[in-house]
Amino acid sequence: MKFGQLQALYHQPLFDLISKSRAVHLQHWRGEEVQRCSLLSIKTGGCSEDCAYCAQSAHYSTGLEREELLSLEEVMTAAHRARSQGATRFCMGAAWRGVRDGSEKFERVLEIVREVSQLGMEVCVTLGEIGSVEARKLKAAGVTAYNHNLDTSPEFYPEIVSTHTFQDRLDTIAAVQESGMSVCCGGIIGMGETEADRLRMLEVLSNLDRPPESVPINCLMPMPGTPLGDQPAVDIFELVRLIAVTRIALPKARVRLAAGRTRLSREGQALCFFAGANSIFYGDKLLTAKNPAADLDVALLRQLGLQPQRMTSS
Ligand code: SAM
Ligand code: SF4
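Remember, this note's numbering sits 153 above the position in the sequence shown when you count from 1.
Structure below.
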């Protein structure tokens, strides 16, 4: 979609916009279904990159303890727990700039993926920058989707990160697409970007050769010690509008209401689901940030008459 079209959609009266996005949603998805994804940090902290939002960057004093790559046993315990709680997708994140074939850490990640993929959940990893060789090997090991967020517009990106570029992100996404893995790619709002930056990000996402299979929309979780540690919360109606426009621009993508749900009311989340969000992160921890407790989410979905997606295989 073109920027002007996205802008026109975004600025309609709210109820017109969410009626339209709901109609698009119902053409492509079961309206009552919400996917629950579990996210585990398999390697925390000490990252070489300077992403201004991130508690895991070694450039900032955030008080976060640096940890080594988790053992296979630790990851499997978390994966079994996620599955028993009803997650149908298991995502694993690592605080690295990227990972290269031939390194010990890559071999260990491949081994973890081979085991986790036996559990029948979708397997997603977010390991930073990779090339075609790594992408092919991850796919062969059982990864279904690779997450690599664009985070914001190409214009605003240099304000947020200086250690890698927007083009680096696009190159990794191209390598992932080439391997046949699905791409999970979205962004963060509330970092001081303009509305135009948010829509520019959607423009880039919707014009990728193959649009992403899932689009996480994160609201910044301000992390003390990072340059964005004092950012105010995102306005709920701006979030709802963005979700609705994402649903219309990327009708076949799962739109994931990702980080920042602890700061949203139940009513706010309900509006996000109506506008087109159909996936959430589930479980009380999101990498290093807080997430609503699993039982609160179960209760919320039940109250709204929404149904958690069920596993199709075991
Ligand atoms: N290091 C890899 C990378 O940067 O792609 C993977 C892990 S990184 C923590 C995954 C994503 O988490 C980031 O791209 C960003 O969108 C999101 N994220 C990290 N910190 C966040 C925060 N404080 N608030 C909201 N989203 C955040
Ligand atoms: Fe490192 Fe990823 Fe955090 Fe950036 S977002 S500092 S690359 S862990």
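Note that CB positions come from ideal geometry on N, CA and C, so glycine has one too.
The ligand SF4 and residue i: does any heavy atom of the ligand fall closer than 7 Å to the residue's C-beta?
i           : result
residue 267 : no
residue 320 : no
residue 384 : no
residue 248 : yes
residue 413 : no
Within the present structure, is the beta-carbon of residue i separated from the nearest heavy atom of the ligand SAM by less than 7 Å?
i           : result
residue 323 : no
residue 354 : no
residue 452 : no
residue 205 : no
residue 433 : no
residue 200 : yes
residue 209 : yes
Using the C-alpha atoms, what's the distance from residue j back to residue i?
i           : j           : result
residue 396 : residue 365 : 15 Å
residue 251 : residue 325 : 10 Å
residue 299 : residue 328 : 10 Å
residue 226 : residue 265 : 9 Å
residue 246 : residue 230 : 16 Å
residue 389 : residue 421 : 6 Å
residue 234 : residue 450 : 16 Å
residue 357 : residue 306 : 8 Å
residue 334 : residue 214 : 35 Å
residue 125 : residue 208 : This structure does not reach residue 125, given that the chain is present from 154 up to 467, and the question cannot be answered.
residue 467 : residue 273 : In this prediction, residue 467 has a pLDDT of 41, which is less than 50 and means its spatial position is unreliable; nothing more can be read from the coordinates.
residue 316 : residue 202 : 6 Å
residue 323 : residue 393 : 26 Å
residue 291 : residue 166 : 44 Å
residue 161 : residue 352 : 11 Å
residue 249 : residue 280 : 6 Å
Rank the options by C-alpha distance to the C-alpha of residue i and give the top, closest one.
i           : options            : result
residue 456 : 419, 442, 436, 433 : 419
residue 339 : 234, 173, 430, 203 : 430
residue 428 : 387, 441, 155, 172 : 172
residue 244 : 223, 190, 219, 309 : 190
residue 363 : 384, 211, 402, 415 : 402
residue 345 : 241, 336, 375, 446 : 375
residue 195 : 441, 460, 461      : 441
Below 8 Å, can you find three or more Cβ-Cβ pairs linking the segment 166 to 186 to the segment 365 to 378? no
For the segment 413 to 453, list the alpha helix (DSSP H) runs that are entirely contained and at least 4 residues long, ordered along the chain. 419 to 428
What are the complete beta strand (DSSP E) segments, minimum 3 residues, inside the segment 330 to 358? 335 to 337, 340 to 342
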